[in-house]
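Student: In terms of the UniProt record's numbering, the numbers along the sequence shown are unbroken and rise by one, the last being 687.
Glycine residues also receive a C-beta, built at the ideal position from the N, C-alpha and C atoms.
Note that the structure is a prediction, hence the values are computed from the model and not measured.
My questions all concern the structure below.
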Amino acid sequence: MMPPAAPLRLLVLLLTAVISLRYIAWRGMFTLNSSTLFSTVLAVLLYLAELYSVVISLLGALVNSTPLRRPALTLADLSPGTVLPSVDVLVPSYNEPAEMLEVTLRAALRMRYPGGRLRVYLLDDGGTDAKVAQPDPEKAAAALQRRAVLQALCARLGAFYLTRPENSHAKAGNINHALRHTDGELIVILDADHVPTGDFLDRTVPWMVRRPEVFLVQTPHFMINPDPIDRNLLQSFRRMPSENDMFYQTIQKGLDFWASSFFCGSAALLRRAPLMAIGGLAGETITEDAETAITLHGQGYHSVYLDRPMVAGLNPETFTAFVIQRMRWAQGMTQILLLKRPFMHPGLTWYQRVGYMSSLLFWLFPFARLIFIFSPLAYLIFGFDVYNASTMQILAYTVPHVVAGYIMSDMLFGRTRWPLISEIYELMQSIFSLRALIQVVANPRHPSFVVTPKGDTLEEEFISPLAKPFYWLFAVVGIGFAFGIWRFIDDPVTRDMTTVVLVWNTLNFLTLTAALGALVERRQRRASPRMPAQQSGTVLAAGAEMPCEIDDLSAGGARLLIDPAAPQAPKRGEIIRLSAPAPQMGRTVTLRCEVCSAFPVRRKLALGIRFVPATEAEASDAVALAFGDSARWQFFLDRRIRPIPFTTALSMILGLIWQPVLMHSRMFFAAVRSTCVSLLRQGSAHE
């Protein structure tokens, strides 16, 4: 349901919008009269970047002014005797390991739904006929081996294995091939690493049954590991909203109010009939999900967004993988903007056009972000007049605009995006996405689908291979800072403007310094991330029972806390059993475990255990215990979604920025030392 729109909220949004419009009008009419042609060009570029930012802010304010939260609806709420539709679960895969796929398949097979109405399919694009018959014998053998392993996995679990002749049209082509070989009335699409909870169908299918015009029920992508910027720099995964929470916990609900929440590629339930009527998933762009949604919205079908986290997935582990993913999103959304033209797309309502334009235009941020980085440098280093205004004008127009922008952003996204954090994320993406966007603008049909690597483990710390552009940018911004100090001392006439631009450049410098910290890839040895559990259980060891607290949990193991004075405290290497309630299953599960470690923590004895299931049913119980309960995900999400003041965010960033310099310096000198030692050894060997 939609909470009543607070008049004060709408009034504040309106006032902040008026202040920003006042500012951008003043900028366009009175501040672009630079002294030279080149200065004028630079000033206009800066103005266009600001105009873009204001447009995005105003579109965002409109879209998110009245977010819609749907009421809970389950199968029990349907009329008695309702015939439920058949459901096919499609899990497309390309190069993901069998261990990852096994967890997803087991969870999908354990979703609560009437017997015989649910089938689970693994769509293997890594074992296609083309892959098996490729000229390289080693690659062909690997593809054949993968096919055999996954066929055996599906047979063992009770899932169905599908592959196809060739790999055309990437993920969309894989799913469309499966649609022609399946017949379920409803389709669940899950990425290979996206593990559903037991109540996913219980909470999504009723919307399809009650509203035949609905083609899509989308749910959040809830990530159980930090993205590389969070893991390497912020280290606040359990305390701070993640980067995608703003989209899934705020923006999608705003879009849902305007009937324009869209398909996100996974964690979604779709109706087969309208999908087949348009030939399956769209494939003209590399973001087939949003492209499909805009097509079906244009035909009059509706979408529903449920904000409950019921599918747990993985973020990319390295900054390189993160960039690959975001470049694909940026290119694909820009393709839709250019090829599908939502502002002219037939069948869309005006508010759906606004919703799509807000979502698509956002991905052009690299152009504006880099202009905001280089504009102060043009003044500080070269003296170009890129912002022609007096101190009084800046106080009268610029400062109110900046304050209004912060108030608007905090009111709309304060709980899901903390101040200054977006600046770091957008800057780090901009350097690489800019070139990708230019390629799309030059040739909208140029991009090809690239799979995002996931599930990586990192044995040691290292500097990302993508760090070099940041070093250059860091150096140039630092040089600009030095020039600014010189200009401040040397030219008293322009001292006020120099001060303003120096503050601007200093903020850029701080953001870049923080970004360097995200480029030191930290060790990640656990392939299956553990999430907080905070539930009770019982350990059975050596014939004795002892209560325990399950501190954290994954499909592969857990950390248990027991009384250190327990007479039969398990030892390392011992086989024990863990009994714990599984709420979504309505019973207690008992799992065979091996103790891998035992150590004191918080006045308790911590046991690191690994699940060693004795049966297939026990292995599925382990997955259900770790991933089956959406209430656990909701509790975790509710704890970290909260606002903080700007001063707290600034203090946090200032507390972080000294670390990147130390880390990069330490690793740089270690590399130099290693190189020198290697050269000396080579010299000694030749003597």
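Hey, Gly484 and Thr498 are a contact pair by Cβ (cut 8 angstroms); roughly how many whole angstroms apart?
Tutor: Sequence index remark: in the sequence shown, residue 484 carries index 484 (1-based). Sequence index remark: in the sequence shown, residue 498 carries index 498 (1-based). About 6 angstroms separates the two Cβ atoms, so the contact holds.
Student: Rank Arg328, Thr287, Leu78, Leu255 by C-alpha distance to the C-alpha of Asn64 and give the top, closest one.
Tutor: As a working note, residue 64 is residue 64 in the sequence shown. It is Leu255 whose Cα lies nearest to the Cα of Asn64.
Student: Under a three-way DSSP split, which group does Arg681 fall into?
Tutor: Here residue 681 refers to the residue found at position 681 when the sequence shown is read from its first residue. Helix.
Student: Let me know if Val595 comes out buried or exposed under the rule of 16 or more other beta-carbons within 10 Å of its beta-carbon.
Tutor: Position 595 of the sequence shown holds residue 595. Per the 10 Å Cβ criterion, buried.
Student: Distance, Cα to Cα, Ser597 vs Pro570?
Tutor: The count along the sequence shown starts at 1 and reaches residue 597 at position 597. The count along the sequence shown starts at 1 and reaches residue 570 at position 570. So the two alpha carbons sit approximately 10 angstroms from each other.
Student: Out of curiosity, what's the CA-to-CA distance linking Gly556 and Gly265?
Tutor: For the purposes of this step, residue 556 is identified with residue 556 of the sequence shown, where counting begins at 1. For the purposes of this step, residue 265 is identified with residue 265 of the sequence shown, where counting begins at 1. Spanning the two alpha carbons is a distance of roughly 27 angstroms.
Student: Report buried or exposed for Leu118, applying the criterion of at least 16 other Cβ atoms within 10 angstroms of its Cβ.
Tutor: As a first step, residue 118 is located in the sequence shown; it is residue number 118 there, counting from the start. Leu118 is buried by the Cβ-count criterion.
Student: Return yes when the Cβ of Asn388 is within less than 8 angstroms of the Cβ of Ala43, no when it is not.
Tutor: Locating residue 43 in the sequence shown gives position 43, where the first residue counts as 1. Locating residue 388 in the sequence shown gives position 388, where the first residue counts as 1. Cβ atoms of Ala43 and Asn388: closer than 8 angstroms.
Student: Skipping 5 residues on each side, what residues in its chain have a beta carbon closer than 7 angstroms to that of Ala330?
Tutor: If you number the sequence shown from 1, residue 330 lands on position 330. Hits under 7 angstroms: Trp363, Ser433, Ala436, Leu437.
Student: Report the residue from Asp88, Ala133, Ser93, Arg577 whose alpha carbon sits nearest the alpha carbon of Gly115.
Tutor: Start at 1 with the first residue of the sequence shown, and residue 115 comes out as number 115. When each option's Cα is compared against that of Gly115, the closest is Asp88.
Student: Please work out which residues of its chain come closer than 7 angstroms, Cβ to Cβ, to Thr320, disregarding the five sequence neighbours upstream and downstream, and give them in chain order.
Tutor: Taking the sequence shown and counting its residues from 1, the one referred to as residue 320 is at position 320. Ser464, Pro465, Leu466.
Student: So, at 7 angstroms on beta carbons, what are the nonlocal neighbours of Gly480 in its own chain, with the 5 sequence-adjacent residues on each side left out?
Tutor: Locating residue 480 in the sequence shown gives position 480, where the first residue counts as 1. Around Gly480: Pro376, Leu377, Leu380, Ile381, Asn505.
Student: Quick one: what does DSSP say His302 is sitting in, helix, strand or coil?
Tutor: Here the question's residue 302 lines up with position 302 in the sequence shown. Looking at His302 - three-state DSSP - the assignment turns out to be strand.
Student: How far does the alpha helix (DSSP H) with Glu618 in it reach, from first residue to last?
Tutor: For the purposes of this step, residue 618 is taken as residue 618 along the sequence shown, with counting starting at 1. That run of the alpha helix (DSSP H) goes 616–627.
Student: If Leu123 and Asn176 are in contact, beta carbons under 8 angstroms, what's the gap, nearest whole angstrom?
Tutor: Position 123 of the sequence shown, counting from 1, holds the residue named residue 123. Position 176 of the sequence shown, counting from 1, holds the residue named residue 176. Going by Cβ atoms, the distance from Leu123 to Asn176 rounds to 10 angstroms, so no, they are not a contact pair.
Student: Buried or exposed: which applies to Glu545, given that a residue is buried once 16 or more other Cβ atoms fall within 10 Å of its Cβ?
Tutor: Translated into positions along the sequence shown, residue 545 becomes position 545. Flag for Glu545 reads exposed.
Student: Phe222 to Arg239, Cα distance in whole Å?
Tutor: As a working note, residue 222 is residue 222 in the sequence shown. As a working note, residue 239 is residue 239 in the sequence shown. When rounded, the distance between both Cα atoms is 15 angstroms.
Student: Which runs of the alpha helix (DSSP H) at least 4 residues long sit entirely within the segment 391–437? Give them in chain order.
Tutor: Counting whole runs of 4 or more residues, the segment 391–437 contains the alpha helix (DSSP H) stretches 399–413.
Student: Skipping 5 residues on each side, what residues in its chain have a beta carbon closer than 6 angstroms to that of Ile373?
Tutor: Numbered from its first residue, the sequence shown carries residue 373 at position 373. Answer for Ile373: Asn508, listed in chain order.
Student: Taking the continuous beta strand (DSSP E) assigned at Pro532, which residues delimit it?
Tutor: The residue given as residue 532 occupies position 532 in the sequence shown. Run containing Pro532: 531–541, per the beta strand (DSSP E) assignment.
Student: Can you list, in chain order, the residues of its chain with a C-beta nearer than 7 angstroms to that of Pro4? Leave out the 5 residues immediately preceding and following it.
Tutor: Against the sequence shown, residue 4 aligns to sequence position 4. Residue placement at Pro4 is poorly supported in this model, since its pLDDT is 44, which falls under 50; the coordinates are not used for a value here.
Student: Going by CA-CA distance only, name the one from Pro67, Pro400, Gln145 that's closest to Trp258.
Tutor: Residue numbering aside, residue 258 sits at position 258 when the sequence shown is read from its first letter. Considering only alpha carbons, the answer is Pro67.
Student: Could you tell me the boundaries of the alpha helix (DSSP H) in which Ser359 lies?
Tutor: Mapped onto the sequence shown, residue 359 falls at position 359. Taken as a continuous stretch (DSSP letters only), the alpha helix (DSSP H) holding Ser359 covers 350–361.
Student: Which residue comes first and which comes last in the alpha helix (DSSP H) that contains Ile336?
Tutor: One-based indexing of the sequence shown puts residue 336 at position 336. Its alpha helix (DSSP H) spans residues 319–339.
Student: Could you work out which residue in Val41, Lys604, Val12 is closest to Leu62 when comparing CA atoms only?
Tutor: In the sequence shown, the residue the question calls residue 62 occupies position 62. Checked all of Val41, Lys604, Val12; the closest Cα to Leu62 is Val12.
Student: What residues match up with Tyr471 in a beta bridge as DSSP calls it?
Tutor: Taking the sequence shown and counting its residues from 1, the one referred to as residue 471 is at position 471. According to DSSP, which records beta bridges pairwise, Tyr471 is partnered with nothing at all.
Student: Between which two residues does the alpha helix (DSSP H) carrying Thr511 extend?
Tutor: Within the sequence shown, numbered from 1, the residue matching residue 511 stands at position 511. Per DSSP, Thr511 belongs to the alpha helix (DSSP H) from 495–517.
Student: Could you say if the segment 300–309 and the segment 205–223 meet the contact criterion of at least three C-beta pairs nearer than 8 angstroms?
Tutor: Yes, the segment 300–309 is in contact with the segment 205–223.
Student: Just to confirm, is the Cβ distance from Ala17 to Leu58 under 8 angstroms?
Tutor: Position 17 of the sequence shown, counted from the first residue, corresponds to residue 17. Position 58 of the sequence shown, counted from the first residue, corresponds to residue 58. Yes. Within cutoff.
Student: Would you call the segment 605–624 and the segment 548–562 in contact, with 3 or more CB pairs under 8 angstroms?
Tutor: Yes, since at least three Cβ pairs between the segment 605–624 and the segment 548–562 fall closer than 8 angstroms, the two stretches touch.
Student: Rounded to whole angstroms, what's the CA-CA distance from Leu144 to Leu162? Just pull it up for me.
Tutor: As a working mapping, residue 144 is identified with position 144 in the sequence shown. As a working mapping, residue 162 is identified with position 162 in the sequence shown. Going from the Cα of Leu144 to the Cα of Leu162 covers about 14 angstroms.
Student: What does the Cβ neighbour count give for Ser79, buried or exposed, with the cut at 16 atoms within 10 Å?
Tutor: Within the sequence shown, residue 79 is the residue found at index 79, counting from 1. Flag for Ser79 reads exposed.
Student: Using DSSP's beta-bridge definition, name the partner residues of Ser579.
Tutor: As a working note, residue 579 is residue 579 in the sequence shown. In the DSSP output, where bridge partners are listed per residue, Ser579 has Thr538, Thr590.
Student: I need the DSSP call for Ala155, collapsed to helix, strand or coil.
Tutor: Translated into positions along the sequence shown, residue 155 becomes position 155. Here Ala155 sits in helix by DSSP.
Student: Determine the direct distance from the alpha carbon of Pro346 to that of Arg146, and round the result to whole angstroms.
Tutor: For this step, residue 146 is matched to residue 146 along the sequence shown. For this step, residue 346 is matched to residue 346 along the sequence shown. Near 44 angstroms, if we compare the C-alpha coordinates of Pro346 and Arg146.
Student: Check whether the Cβ atoms of Thr82 and Val91 sit closer than 8 angstroms, and answer yes or no.
Tutor: As a working mapping, residue 82 is identified with position 82 in the sequence shown. As a working mapping, residue 91 is identified with position 91 in the sequence shown. No. Outside cutoff.
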